[in-house]
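Residue numbering for the sequence shown follows the working numbering, starting at 1402 and increasing by one per position. All C-beta atoms in this analysis are idealised placements derived from N, C-alpha and C, irrespective of residue type, glycine included. Only a predicted model underlies this, so the values are computations on that prediction, with no experimental measurement involved. Heads up, the thing below is written out as structure tokens.
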Amino acid sequence: MQFSGRRKKLSPSCQADLYEQALQFYGQPPLENISLSEFESFAVDRMKLLKTVENLGVSFVKLSDTYKNKLEAESKNLKLSPRQDNGLSEHEKRRKDHISHFILRLAYCQTEDLRRWFIQQEIDLFRYRFGELNSKQKLEFLHKNNLQYDTISVEEKQALSKEIVNSSYAVSGVKVEDQDVYKVPFQDALDLVRTRKVYLKAGYAYIPHQDIVTIVLNDFRTRLSKALALTARSLPAVHSDERLQPLLNHLSHAYVGQDYSIQKNVGKISLEQIDSLSGKSFPLCMRQLHQSLRENHHLRHGGRMQYGLFLKGIGLSLEQALQFWRSEFIRGKVDADKFDKAYAYGIRHMFGKEGKRADYTPYSCMKVILSNPPSQGDHHGCPFRHSDPELLKQKLQFYKVSPSGISQVLELVKGMHYQLACQKYFELTHNVEDANFSLNHPNQYFIESQRALGGGKESKREADAPQRSQESSAARGSTAAQEAAAADASQNLAEMTEDLDSFFNDS
Ligand code: SF4
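What follows is the structure, given as structure tokens:
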């Protein structure tokens, strides 16, 4: 696979230049050939890192010691730290960082929601990495990226020290002489000027080093959002590549964890247990679907897909599923005959017993949150993403979440951290201080809940096995056969979902 762009091609030496520094603005795309399996594993690792950035940003004060230590550990673990020594050479780590950033650009330029999420996490990652550079590296980085800001001399610092201290909140309590102060044309520091945070003299802003990052981040944000808009324009060309399109779609809805299509607990759950499990161990999305099904004796196709696959994932057998849906539907406007003709086939299809006989995968949170938003009369989707905040508040009150808990959840929703809001709901309803997992999937929520309630030890042990195998498969080498298998798997996944989507009528 070759990355190419409309920009002038870089010579190999320019390409090597890119990796001279630990940090870059990702201005030049990579131009080398890489295998599809490397493409996939790089992308998955960066996804994991950005998810960690998001989780840490909500759980800890950004740039606090704990935040930095945890982020450093995860970067090291994923071999995406451009500076630490963790097995790969510096060049290889920087190359991985560079390529993986560009792959996710392709996957995350597709919608406004995706772009916003990606920019936010990349900026937080960049802020952390910039803060880890020493003064010399920071200056080199600025100069290399045409930000010709210089630090002022010791004499100038001494002469202006009083003014700088009086004007800059960032230096209060710190000796000006002990830190770098940058001299920047004032038009490049409008955010700081507007909020009166810097000393201005003769058209220059004097910026303490704690604040220079604000300017650099603004620049990075502008560059990245322009680049994503440009990348979005090239999407039709990318989508015409049948190897890439399913892979990128899969990535943008990515769930990088266990494969819940592997049914390990078939038949371990009885139909009588579903009502009580829905109250105790279902995430809000599934609890809401279950409640609507019980009340209306019907769910539209989006709800049947989302809930049906979830139930299959927690261990309902085909026979149980047929019995479950049938008994509920015939209580409403659908008679037994119509159910058998119009709906039973769909359920068998979901279990891979009809049509292509594909085994369908339960939806991940990203898929629920980002695709097929519910419209009037639908009950599918993610309540943290798709419900009106007032309605969500009422739901949480109805489920007896404490007022302070509701405020915490709503605060996370306001910041668009939907999965973290769901995780908070888990903590509140299970009475635990720290859920101790990173939520990515409704079926993961169920397993963790069962574990927390003491009923899922066995399913957890079983659940770990496919996760390990999935992770090791992501890390495997790049033979031609593996590339073909990776491409086929992604292709099949997209085809399967499309096939199933088109099968269900909106009735
Ligand atoms: S975050 Fe995931 S598990 Fe939670 S309600 Fe939304 S889709 Fe369901």
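The beta carbon of Y1708 sits no closer than 6 Å to any heavy atom of the ligand SF4.
Taking a contact to require three or more Cβ pairs closer than 8 Å, the stretch 1700 to 1713 and the stretch 1757 to 1774 qualify as touching. At least 7 Å separates the beta-carbon of V1582 from that of Y1605. With respect to the C-alpha of L1672, the residue from A1444, E1473, R1727 and Q1820 having the closest C-alpha is R1727. By the Cβ-count criterion, A1423 is buried, with 16 or more other Cβ atoms from all chains shown falling within 10 Å of its own Cβ.
Checking the 6 Å criterion, the Cβ of L1685 is within range of a heavy atom belonging to the ligand SF4. Between N1619 and F1426, the C-beta spacing is not below 7 Å. For P1784, the enclosing alpha helix (DSSP H) covers residues P1784 to H1787. Contact between D1612 and L1593 is confirmed by a C-beta separation of about 6 Å, below the 8 Å threshold. Closer than 6 Å to some heavy atom of the ligand SF4: that does not describe the Cβ of V1814. Between the stretch 1467 to 1484 and the stretch 1678 to 1689 there are fewer than three C-beta pairs closer than 8 Å, too few to call the two in contact.
Cβ contact annotation for V1814 (same chain, cutoff 6 Å, sequence separation greater than five): F1785 and A1822, in chain order. Between K1469 and E1729, the alpha-carbon positions lie close to 51 Å from each other. Its chain contains S1718 as the residues whose beta carbon lies nearer than 6 Å to that of G1668, once the 5 sequence neighbours on both sides are disregarded; these appear in chain order. By the beta-carbon neighbour count (other beta carbons within 10 angstroms, threshold 16), E1441 is buried. Residue side-chain check: V1667 keeps its Cβ at 6 Å or more from all non-hydrogen atoms of the ligand SF4. In the three-state scheme derived from DSSP, where H, G and I count as helix and E and B as strand, N1456 is classed as helix. If you draw a 10 Å sphere on the C-beta of Q1820, you find 16 or more other C-beta atoms in it, and that means buried. In the three-state scheme derived from DSSP, where H, G and I count as helix and E and B as strand, T1615 is classed as helix.
Distances from the alpha-carbon of D1589 to those of Q1549, S1562 and V1577 put Q1549 closest.
Between the ligand SF4 and V1769, a heavy atom-to-CB distance of less than 6 Å is present. When secondary structure is reduced to three states using DSSP, Y1427 falls in the coil class, being assigned neither helix nor strand. In the same chain as L1450, and ignoring 5 residues on each side of it, the C-beta atoms closer than 8 Å to its own belong to E1475, S1476, L1479, L1481 and L1526, in chain order. A distance below 6 Å between beta-carbons, with the five flanking residues on each side excluded, links V1802 to the following residues of its chain, in chain order: L1829.
For K1757, there is no enclosing beta strand (DSSP E), as DSSP marks it with neither H nor E.
A check of alpha carbon separations from N1832 across S1465, L1854, H1610 and P1609 identifies L1854 as the nearest. Look at L1534 here: in three-state DSSP terms it is coil, with no helix or strand label. Within the same chain, and ignoring the five residues on either side of T1632 in sequence, the residues whose Cβ sits closer than 8 Å to its Cβ are R1506, L1507 and C1510. In this structure, the CA atom of L1811 is about 10 Å from the CA atom of M1817. Just so you know, the alpha carbons of E1421 and R1495 end up roughly 9 Å apart.
Sequence-distant Cβ neighbours of I1500 in its own chain, meaning closer than 7 Å and more than five residues away, are P1431, I1435 and F1443. Within the same chain, A1737 and F1740 come within 7 Å of I1731 by CB-CB distance, once the 5 residues on both sides are set aside. Under a 10 Å Cβ-count criterion, N1650 is classified as buried, with 16 or more other Cβ atoms of the shown protein chains found around its own Cβ. Here Q1559 is exposed. Its C-beta has fewer than 16 other C-beta atoms within 10 Å.
D1779 counts as buried, since no fewer than 16 other beta carbons sit within 10 angstroms of its beta carbon.
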